[in-house]
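Heads up, the thing below is written out as structure tokens.
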Amino acid sequence: MVLKAELHNHLEGTASPELVKRLASRNSMSLPSELFNDDETFKWTTFLEFLKAYDLASSVIKTPEDYRDVTYQYLKQCAGQNAIYVEVMSSPDHAAMAGMSYQDHLDGIVQGIEDAQAYFDVVGRIIVTCVRHLGPERSIEVAKQVVNNPHPLVVGFGMGGDENAHHLSDFSPAFNLCHEAGLLCNVHAGEMAGPESVHAALDHLPVKRIGHGVRSIEDPELIQRLIDQDITLEVCPGSNIALGVYSSFADHPFLKLREAGCKVTLSSDDPPFFHTSIGHEYDIASKHFSLSDEELTGITRTSLENAFADQKTKDKLLARL
Ligand code: HPA
Ligand code: ZN
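Residues 1221 to 1541, numbered by my numbering, are exactly what the sequence shown covers, in order.
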């Protein structure tokens, strides 16, 4: 039994179509039928369409109890696949669009994490994210909310959204604010954009990890920079294939990155949208990248060593491996 850990998922994007429908009905909302395929999966084709479907699915998460349920269901699922540690990225902007305050969204997520830890012995932590295509001004507002409402389970700050909107340097003020308050940072780069976007992240933002970063493989100097700066890559192979970043697992650079000496980890990103799960990502690595159980446990070790939780929590988790 391989114990697992996950560093990269978008909490609002972890809710299954079934849960999204249940929350919609609980909140007396109707969802457009275009959100779903006939087989009850989420419907989208391009990355930008995916982001729209994500926004729509998120709109049904309207109360702290809803956030609690989304978090709890996701951590329960992860624990069922032998995950012992999961960082979830939350999006106060999505909560605000659904009419919820920062504090309400946080309270719900915290309750979900506490309940899941009590029932399933899975440890959860929160990375609060801003949305890149909503722009730098909005990112500062999110960063201020984070630093003005510190919580022990909030350990990081990051950014998702359209990788081609604005420049990463525009977001330095928001990231610096959170970094100076003691939070660790990650950012999406090198997925939809090329290696130059990973360089830009390292040039302008105080990040310890890169969300995806897989296209770093196109630039040997960047690979050396990632090693020198001890950057961890949050690799999500299933997401990369679903979004067409690579056409097959045989073309995916996971093994090349690993062999070049990069710190690579495994995550599921937006599991129901990309037809995956943390368990499935480890299965992909076993089947397509030929990793042994021992090597997969090594991936979990890398994830835990580079998790944003405090060292004592990480040491306890590492002792379980
Ligand atoms: N990528 C970028 N931004 C996102 C994603 C993603 O997979 N999910 C939600 N926001
Ligand atoms: Zn992501």
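No residue lacks a Cβ here, since even glycine has one placed at the ideal position from N, Cα and C. Remember, it's a predicted structure, so these values are computed and weren't measured experimentally.
With fewer than 16 neighbouring CB atoms inside 10 Å of its own CB, Lys-1532 falls in the exposed class. Boundaries around Cys-1350 are those of the beta strand (DSSP E), 1343-1351, since no alpha helix (DSSP H) includes it. With 6 Å as the limit between CB and the heavy atoms of the ligand ZN, the residues that fall short of it are His-1228, His-1230, Gly-1380, His-1408, Gly-1431 and Asp-1489. In this structure, His-1408 sits away from Gly-1376, with a CB-CB distance that is not shorter than 9 Å. With contacts defined as CB atoms closer than 9 Å, Ile-1347 and Ala-1225 fail to qualify as a contacting pair.
Proximity to Leu-1295 across Gly-1410, Leu-1388 and Ile-1333 peaks at Ile-1333, based on C-alpha coordinates.
A distance below 6 Å between beta-carbons, with the five flanking residues on each side excluded, links Phe-1509 to the following residues of its chain, in chain order: Phe-1474 and Leu-1475. If you look at Gly-1378, you'll find it in the beta strand (DSSP E) that goes 1374-1380. In the DSSP assignment, Thr-1517 falls within the alpha helix (DSSP H) that extends over 1513-1525.
The criterion of a C-beta distance shorter than 9 Å is not satisfied by Val-1306 and Val-1330.
Segment contact: the region 1483-1497 against the region 1246-1258, fewer than three CB-CB distances shorter than 8 Å; contact not assigned. Distances from the alpha-carbon of Met-1317 to those of Pro-1370, Cys-1405, Glu-1232 and Gly-1378 put Glu-1232 closest.
Residue pairing by DSSP places Ala-1480 in no beta bridge whatsoever.
Residues of the same chain with a CB within less than 8 Å of the CB of Asn-1460, apart from the 5 flanking positions on each side, are Glu-1411, His-1432, Val-1434, Tyr-1466 and His-1472 in chain order. Glu-1357 is not bridged by DSSP to any residue.
Around the beta-carbon of Ala-1394, 16 or more other beta-carbon atoms lie within 10 Å, marking it buried. Inter-residue distance for Trp-1264 and Gly-1458 is about 16 Å (C-alpha atoms, whole angstroms). The C-alpha of Pro-1370 lies about 18 Å from the C-alpha of Met-1320.
The residue among Ala-1420, Ser-1245, Val-1374 and His-1386 with its C-alpha nearest the C-alpha of Gly-1402 is Val-1374. Ile-1281 is the residue among Ile-1281, Lys-1428 and Phe-1267 whose C-alpha sits nearest the C-alpha of Leu-1243. With respect to the C-alpha of Ser-1250, the residue from Ser-1278, Thr-1349 and Val-1367 having the closest C-alpha is Ser-1278. Asn-1406 is not a Cβ neighbour of Leu-1537, given a cutoff of 9 Å.
If you look at His-1325, you'll find it in the alpha helix (DSSP H) that goes 1322-1340. Close CB contacts of Ser-1506 within its chain, under the 6 Å cut and outside five residues either way in sequence, are absent.
With contacts defined by Cβ atoms closer than 9 Å, Arg-1345 and Phe-1528 form a contacting pair. Residue Gly-1378 holds the alpha-carbon nearest to the alpha-carbon of Leu-1397 among Gly-1378, Ala-1385 and Phe-1469. One Cα belongs to Ala-1480, the other to Pro-1440, and the distance between them is close to 9 Å.
Ranked by how close their Cα comes to the Cα of Gly-1355, the residues Asp-1324, Ala-1385 and Pro-1252 have Ala-1385 in first place.
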